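S.K.: Chains as they are written, first to last, in my numbering: chain A, 965 to 1318; chain B, 31 to 331; chain C, 528 to 1017. Cβ coordinates follow ideal geometry from the N, Cα and C atoms, glycine included. Note that the structure is predicted; figures quoted are calculated from it, not measured.
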Amino acid sequence: MTAGVLRERLLVSAAALGLGAVGLALVLLVLGQDPAAAFRALWNGAFGSWYAMTSATLVRATPLIVLGLGFSLALRAGALNIGMEGQFLVGAIAATWAGLQFGQAAGPLAVPIVFAAALIAGALWVTIPVLLKVRFGVLEVISTLLLNFVAESLVSLMVQGPLQEVKGVYPQSDLVPAATRLPVLPGTRLHLGFVLAILLAFALHATYSRTAWGFRLKAVGASPQAAWISGRIASARMFSVALLLSGALAGLGGGLEISGVTYALFQNLSPGYGFTAIAVALLARGHPLGIILTGLLFGALEAGAGAMQREAGIPAVAVAIVQAAIIVVVLLADVVARRRAALEVLPEPEEQAA
Amino acid sequence: MDEVLLAGFLASAVRVSTPLLLAALGETLAERGGVINLGIEGAMLAGALGATLGATAGGLWFGALGAAAAGLLMAAVFAVVAIGMRADQIITGTAITLASVGLTGVVYREVYGTAGAGLSLPTFPVLPIPGLAALPVVGEGFFSQPAPTYLAWLLVPVTWWALYRTRWGLALRASGESHEAALAAGVRVRGLRVAATLIGGMLAGLAGGTLVLAQVGTFTEEMTAGRGYIAIAIVVLGRWHPVWVLGASLLFGGATAMQFLLQAMGLDVPYQLFLMLPYGLALLALAGGMGRARAPGELGR
Amino acid sequence: MIKGTPVLELRGITRRFGPVQALRGADFILREGSVHALLGENGAGKTTLMHIAFGMLAPEPGGVIRVGGREVQVRSPRDARALGIGMVHQHFTSVGAMTVGENIALATGRLGRRAGASGTVLTRLREGLDDRDVVETLSVSLRQRLEIVKALEAGAGILLLDEPTAVLAPAEIEELLTLIQRFAAEGGAVVLITHKLDEVFAAADHVTVLRHGAVTLDAPLVGQSHTTLAAAMLGRATGIVRRPGRATARTTEDPVIRFEDATIRPIAHRGPGLQGVNLAVRPGELVGIAAVEGNGQRELMLGLAGLLPLATGRREAQEPVVLVPEDRTTEALIPGFTLTENVVLGSGPAAPWTRGWRIDWAEARRRTATLLTAHDVRAPGPETEARQLSGGNQQKLVLARALESRPSVLLVENPTRGLDLAATAAVHDRLRQASADGIAVVVYSSDLDEVLALGCDRLLVVCRGLVAELPPQTPRAAVGDAMLRGVTPA
């Protein structure tokens, strides 16, 4: 990527964020609210204190980064994984189950076992869309989307059935054993999963930019036909693998949430991380290191939203407006860039000579 | 089986299916024109709030108007971005739905206060069709329904006629199958797609309005709970054909109503399984379990 | 030749696309009862001129369009149709998933039953077309007919045909040209866009030649010859030479690629696929394949490349076998990728920049830069995106990439589609050179004349999934007959 392109992308991202904020401010103004108070509350909730920064912003950024990386991985191969919300949830179910089942006995292996369960569950959940796509040509957008709702019902089923707490009072699981919980930065709620998310981003960046596999992934995403005919790449398999890995990452996100944050499974575990992560990945244009930044940004938005609701009386869902505006601005910037690029065809050789 | 129980099952199946049918018919038009609009979930939610605002201000019919207008507005934004600017339809639709979740949440709390509860709106009365409504078993379900249900049914033949018996429908289907061929035939592809999308948004808005004005009688945040997405599944299950779409929405309605029926029959089956059932059916349908169907050639492009 | 009044006049038409000046003040006058050939190389501006007449593109200020003597604005195909102009495009513009009747209704804007056929040409054209047939199940020649039927049903008196014969077999071409002439004789007027001189002499009575967007010749056909037309097209006197096949193939060496009783299922369930084919090619042989589109040649080429599984039979090949596919922008190259990335894409796992799992991009860039110079690919550098290259340079890049991997077998589909004569000659030279260097070269072209002009050692014809070999000196008409009627397997 050249410096010019990088600068332009940063500019677009900044503009997108700015317009999102302006959009929210306008809505608040129309409704007679004070945008300044809202933004102050938002800022305080996200960055106002060491505790807010670590325990609210970074904790919320963690699943967003992991899921954002998952979305970008699928997108690189041309797959739209709209089902990360569901994969996150089944990952959480599997992590809870594995933690309760093996957590005590497994000792130092407890965390790896929990993560493996989450990864596998996420991948299995996306296997259905993969099979539907490969065997029947079903748009993965529709099938992954539908499975989100099935996963929600599955969580509900689990916390009222097999995974319900022993006391059997509330629809939630028991706490997973201490051995399966991730270490926490003293005095905060920030867990090791955040570091893991950052490492994951760097690993994916290296994979995309340096390895043959990363190049094949991009080729399949850009043109499955050319990748097959000229690159002899099994496009359908590459597509499937990318979607499976994307699902595995989303499942891992669910596992991290259980072992790092909640220690238990309950309904409404995810405040829509799977959908927010789409915006996170798009705003970073799928670039893994960019996703760290946009994940932090959206984590701050989510963290600040709660404060905004408490302090300024503006519903937390209002940040969805900002997120939506960001997506639209990035989409439109891409359209403009595409149109400009289409005009940049070199003149024919004869024309150069003439 | 108990006749009363069965009649109740049918009635609730039809009730559940009505908003789904409305939204799915609109989406059928859009998809036949090559547009997949995931934003109808957002349009439906906006429609629910529009209905609430309208009904508060001026009663039932004003509420219906508000629902249609709100849905139309959401679809108009989608049309500008995804059709006018040719941005990715899936992502645009997702963004529209997100925006709608945020906007409806903010506006609702602003207008009706933080508590929000206790809001009670007038609902469409049941209009029994003389004679037919008295039929055993089916009478209650099919002929003793509020106005929006009859409207949805009426729209099935209307949509069919528009798609297969008018020049507009022919041109729309051509736009959905092959952009290039339609353009060559002098069809104004974008205009048609915008029109179909707007009609789709309006119907999705009405679908959301139906939830408020014919069923619940109040608004709650994110009350559509994915019904817009189910409507998209219904379009697929209904093979992009209005009559099949009617069948598919009844099937979805039935699967949801089955949950109540089995509970009433005292069967101890986890209710979540029935909540999953419609989605499972949709996936099965997508896999060709209901006969292979082919999507419009330009869908999503 | 009696010529009628002008029905369509284009005066001083200019049009620019970005840096490319497509038309430079071109004049064109079509008269009633005329079959008017519009001749020129690829990129000369023929299609652009007719798209302007059909309202698909706007001329720049100063250009004037008259229909029936009256100055008009043609802003859309809809306007054009209202003025009685119909166009048949290079690519079919019927909706495959809809029926013949629906497609005609779409074109005419009239639903329901149509009035009885109005003219004899229309009656003839409608033979074999049932309103209820779904278009994508029709043969290529019927789909071609449907295109013309749609224009005529919409009331066109002026018919613009853009290379209508490109997809047809020789006998079908003849029939089409006869029908066009009859349409003109019945009072219509036809523009026949083509770059094939034979068709001009077979059907036209008037010819306009475009070169670099300007008219270089506008005259009745009477008095013209291949030489005068070619001179107007190319700007210099060039005879089109049919090269004789070489009799010096090294037939003693063992084949480097072989099909034994190979059967391949049709791609996307369309067409015959490949049905029990035996074929062996030796090093240094130049093999030409002639076929009408959709007869199994695609399966043959992809199958030889090892990209399709064999249902039965065996493939033996000495790798690397490299395929240069027909579509440069969707199969050979990824337009949004840089030249380096495209070279890496098509170069197989043994490329010099491969380091285990890693790709050494610096090395790949260096090699690509060298490749560009060595094969005369005109591009600013290896980091240019492929879509910025002209068609000729794209094809040079694809060939360079293929040859750089030192293939034993080079498979090439439609190597010069969309290229101008100079680029075509360069590509043909390179293919001959490759075969002289000992590579087994197999070339398929949908243009029979290209197969013949290459001067192949061996000539194969594919028809309905079967492959037959003809002597390389077989007369053109006999090859055409074999392409159309079928052949007994070799």
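My parser needs the alpha helix (DSSP H) runs of 4 or more residues fully inside the stretch 667-730 of chain C; what are they?
M.R.: 667-680, 697-712, 724-730
S.K.: If we define contact as Cβ-Cβ less than 8 Å, is residue 1189/A a contact residue for chain C?
M.R.: yes
S.K.: If the cut-off is 7 Å on Cβ atoms, which residues from the stretch 852-874 of chain C count as contacting chain A, listed in chain order?
M.R.: 852, 857, 858, 859, 860, 861, 863, 864, 871, 872, 873
S.K.: Can you name, in chain order, every residue of its own chain whose Cβ lies under 6 Å from the Cβ of residue 815/C, other than the five neighbours on each side?
M.R.: 970, 978, 981, 983, 986
S.K.: Tell me the DSSP secondary structure of residue 35/B in three-state form.
M.R.: helix
S.K.: Taking Cβ positions only, does residue 1137/A come closer than 8 Å to chain B?
M.R.: no
S.K.: At a CB-CB cut-off below 7 Å, which residues of chain C make contact with residue 216/B?
M.R.: The contacting residues are 603, 604, 605, 608.
S.K.: Along chain B, which residues have their Cβ under 9 Å away from the Cβ of residue 577/C?
M.R.: Simply none; closest approach about 13 Å.
S.K.: Who are the Cβ neighbours of residue 1021/A in its own chain at under 6 Å, not counting the five residues just before and after it?
M.R.: 1010, 1263, 1264, 1267
S.K.: Looking at C-alpha atoms only, which residue of 620/C, 733/C, 941/C is the closest neighbour of residue 211/B?
M.R.: If we check each option's Cα against that of residue 211/B, 620/C comes out closest.
S.K.: What is the rounded straight-line gap between the Cα of residue 576/C and the Cα of residue 665/C?
M.R.: 30 Å
S.K.: Would you give the residue range spanned by the beta strand (DSSP E) that residue 592/C belongs to?
M.R.: 591-594
S.K.: For residue 873/C versus residue 1194/A, is the C-beta distance shorter than 8 Å?
M.R.: Against a cut-off of 8 Å, the Cβ pair of residue 1194/A and residue 873/C comes out as a contact.
S.K.: Buried or exposed for residue 1231/A, going by 16 or more other Cβ atoms inside 10 Å?
M.R.: exposed
S.K.: What would DSSP say about residue 1256/A, mapped onto helix, strand or coil?
M.R.: Secondary structure of residue 1256/A (DSSP, three-state): helix.
S.K.: Residue 118/B versus chain A: which residues are under 9 Å apart at the beta carbon?
M.R.: Ordered by position in chain A, the residues that pass the 9 Å Cβ test against residue 118/B are 1044, 1295, 1298.
S.K.: Among residues of its own chain, excluding the 5 on either side of residue 772/C, which ones have a beta-carbon nearer than 7 Å to its beta-carbon?
M.R.: At residue 772/C the pLDDT is 48, less than 50, meaning the model places this residue with poor confidence and gives no usable figure here.
S.K.: Looking only at C-alpha atoms, which of 937/C, 618/C, 826/C sits nearest to residue 848/C?
M.R.: 937/C
S.K.: Mind checking if residue 981/A is an interface residue toward chain B, Cβ cutoff 8 Å exclusive?
M.R.: no
S.K.: Please state whether DSSP places residue 967/C in a helix, a strand or coil.
M.R.: strand
S.K.: Check the Cβ-Cβ distances between residue 1239/A and every residue of chain B, and say whether any is below 8 Å.
M.R.: At least one chain B Cβ lies under 8 Å of residue 1239/A.
S.K.: Using DSSP's beta-bridge definition, name the partner residues of residue 972/C.
M.R.: 817/C
S.K.: For residue 1101/A and residue 125/B, what's the separation of their Cα atoms in angstroms?
M.R.: 25 Å
S.K.: Can you find a C-beta in chain A that's less than 8 Å from the C-beta of residue 256/B?
M.R.: Taking Cβ atoms only, chain A reaches closer than 8 Å to residue 256/B, which makes this a yes.
S.K.: Return the chain-ordered ranges of every beta strand (DSSP E) run that is complete within the stretch 1065-1112 of chain A and spans a minimum of 3 residues.
M.R.: none
S.K.: Check this for me: beta carbons of residue 939/C and residue 923/C, under 8 Å apart or not?
M.R.: Not a contact, by the Cβ cut-off of 8 Å.
S.K.: Please list the residues of the stretch 734-756 of chain C that have a C-beta atom closer than 7 Å to any C-beta atom in chain B, keeping them in chain order.
M.R.: Shown here is that no member of the stretch 734-756 of chain C has a Cβ falling below 7 Å from a Cβ of chain B.
S.K.: What does residue 14/B reach in chain A if we use C-beta pairs closer than 7 Å?
M.R.: It is not possible to answer for residue 14/B, since the shown part of chain B is limited to 31 through 331.
S.K.: Distance cutoff 8 Å, beta carbons only. Does residue 1291/A sit that close to anything in chain B?
M.R.: yes
S.K.: Hey, does residue 680/C have any beta-carbon neighbour from chain B nearer than 8 Å?
M.R.: no
S.K.: Taking residue 1007/A as the reference, give the member of 1269/A, 1297/A, 1064/A with the closest Cα.
M.R.: Minimum Cα distance to residue 1007/A is reached at 1269/A.
S.K.: Can you list the residues of chain A that residue 149/B reaches, using a CB-CB cut of under 7 Å?
M.R.: Correct list: empty, because the minimum Cβ distance to chain A is about 16 Å.
S.K.: Could you check where the beta strand (DSSP E) with residue 614/C kicks off and where it finishes?
M.R.: 612-615
S.K.: Ignoring anything shorter than 3 residues or poking outside the stretch 828-914 of chain C, list the beta strand (DSSP E) runs there in chain order.
M.R.: 839-844, 848-851
S.K.: Does residue 1120/A have its Cβ less than 8 Å from a Cβ in chain B?
M.R.: For residue 1120/A, the answer is yes, since a Cβ of chain B falls inside 8 Å of its Cβ.
S.K.: Secondary structure at residue 174/B, three-state DSSP: helix, strand or coil?
M.R.: strand
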